[in-house]
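Residue numbers (the numbering used here): 1 to 480. From the three backbone atoms N, C-alpha and C, an ideal C-beta is built for every residue, glycine too. A short worksheet on the structure shown next.
Right under this line is the structure:
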């Protein structure tokens, strides 16, 4: 999903992908691929040496620094500050819904598409990964439902709130998985995904699903298993340097909060065994952003043109593409997990390996998110400057920024290429290290743990090469 703007004309238009002129990297691609692969191999060797040291603790607590007593932490975690964030989030939520139904129908002159696709989805993903899990605090669906519960208890103090049903544990996060697939389909395939009224309709439908789930199974249970963005941003936040521990999603009892600083990525080590549905969710998170990048390449355009000769419906072709890429990613990963099981000789099943090691792929998903969306955020995100003065496209100029012109030279092609390559390489390096820690925690036997990582090394190199290859492909431009 991208917004495309022609700098030579005043009329702006939403397009499927940003058009990029062919760009020649400072170094030939083959050198970059060899260098990246060599970096992964060296990291693999060093990680094997250091994670095997007997004095190295694998407990997540060894990576933490408690900052709950720091003055800044106390201010940020105070009741007034937290409630302020929640009220702002709910206000924006209502504003976006109003803009969808009452604002200008042209996506460029309506704040909803830019805010939802650029600021919220892309921007909040970066905040989650590089700062902390802000979504747990500002989630408007949680805040509104929680306030509704408080009002109900205030009017009926003698009654308690109980869910109608017990959540079936066997389905795990399957509802969130299904909802996130629908979201990925909307982002990558659905042509009306930037039309304000369609965004409003989707928000209303999602709100009904979310609040119904909370009523039926309980607020916290549904947030952990059915609220797709709590799950998605929560996984990305495991990479972040800030951790907030509490008994539930933010409450007014500040004393129960514990705020820690940790090494980026160390939170991924302590997740431990997750459910199969959560494992598939992480794989979908990775495959969806990869498919988004692939859809912008000339190769995809040629494949799409060839397939449409037999299936003359681009929506169906795109849907099949997303399904195939997701299934291939899952199958590919499970095959390598089977190889890890076989090579290590550990007495665990393939899905136990898959559920344990999938969190090591989160840095890869994050790295490709940076490589694919950073320029999109920096350029397209500037649309918020004029939109804050005229959010509904009514010709207002509330803050004097309505005539702001987009700066397309915010980042040079060479610098963006360096950032993209660096993020992909660093992401895979972190993934290798995290995978080694998980292997040592899971298998315990140093020799078997190290052997289990041989297939993972091949997988990481493959992901690195594939990611670098995709981001170096010239993009095409097609109208909505």
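Quick one, which of the options has its alpha-carbon nearest residue i's?
i: residue 187; options: 290, 328 and 105; result: 290
i: residue 469; options: 210, 379, 343 and 293; result: 293
i: residue 465; options: 441, 442, 420 and 439; result: 420
i: residue 241; options: 224, 266, 453 and 393; result: 266
i: residue 345; options: 358, 443 and 320; result: 443
i: residue 166; options: 72, 115, 456 and 219; result: 219
i: residue 136; options: 451, 150 and 243; result: 243
i: residue 320; options: 307, 331 and 332; result: 307
i: residue 40; options: 436, 429, 463 and 449; result: 429
i: residue 269; options: 180, 64, 36 and 396; result: 64
i: residue 46; options: 459, 213, 437 and 462; result: 437
i: residue 178; options: 209, 195 and 263; result: 209
i: residue 203; options: 170, 142, 236 and 100; result: 100
i: residue 271; options: 362, 374, 81 and 214; result: 362
i: residue 181; options: 113, 322, 379 and 335; result: 322
i: residue 114; options: 386, 295 and 412; result: 386
i: residue 107; options: 383, 69, 463 and 412; result: 383
i: residue 42; options: 446, 426 and 221; result: 426
i: residue 131; options: 232, 211, 153 and 236; result: 236
i: residue 315; options: 295, 334 and 31; result: 295
i: residue 141; options: 211, 415 and 354; result: 211
i: residue 406; options: 375, 176 and 81; result: 375
i: residue 282; options: 338, 245 and 366; result: 366
i: residue 553; options: 330, 350 and 331; result: With the chain represented from 1 up to 480, any question about residue 553 goes unanswered, as that position is not in the structure.
i: residue 81; options: 134, 67, 102 and 66; result: 134
i: residue 227; options: 30, 176, 73 and 414; result: 176
i: residue 194; options: 462, 112 and 89; result: 112
i: residue 447; options: 340, 150 and 71; result: 340
Please report whether the beta-carbon of residue i lies at a distance below 8 Å from any beta-carbon of chain B.
i: residue 107; result: Here there is only one protein chain, and chain B is not present.
Taking DSSP as the reference, what is the three-state secondary structure of residue i?
i: residue 82; result: helix
i: residue 64; result: strand
i: residue 160; result: coil
i: residue 202; result: helix
i: residue 133; result: coil
i: residue 407; result: coil
i: residue 309; result: coil
i: residue 69; result: coil
i: residue 425; result: helix
i: residue 165; result: coil
i: residue 395; result: coil
i: residue 191; result: coil
i: residue 213; result: helix
i: residue 274; result: coil
i: residue 444; result: coil
i: residue 389; result: coil
i: residue 227; result: coil
i: residue 113; result: helix
i: residue 34; result: helix
i: residue 174; result: helix
i: residue 238; result: coil
i: residue 101; result: helix
Just grab the DSSP bridge partners of residue i for me.
i: residue 258; result: 245
Enumerate in chain order the residues of its own chain whose CB-to-CB distance from residue i is below 7 Å, with the five nearest sequence positions on each side excluded.
i: residue 377; result: 118, 122 and 123
i: residue 216; result: 163, 164 and 165
i: residue 192; result: 198
i: residue 185; result: 319 and 322
In chain order, what residues of the same chain lie with their CB nearer than 6 Å to the CB of residue i, ignoring the 5 residues before and after it?
i: residue 471; result: 371 and 420
i: residue 230; result: 223
i: residue 325; result: 287 and 291
i: residue 44; result: 432 and 457
i: residue 449; result: 439, 440 and 443
i: residue 336; result: 455 and 459
Can you list, in chain order, the residues of its chain with a C-beta nearer than 8 Å to that of residue i? Leave out the 5 residues immediately preceding and following it.
i: residue 390; result: 109, 396, 397, 398 and 402
i: residue 172; result: 225, 275, 276, 277 and 278
i: residue 98; result: 392
field: Length at least 4, wholly inside the stretch 336-366: the alpha helix (DSSP H) runs in chain order
entry: 350-357
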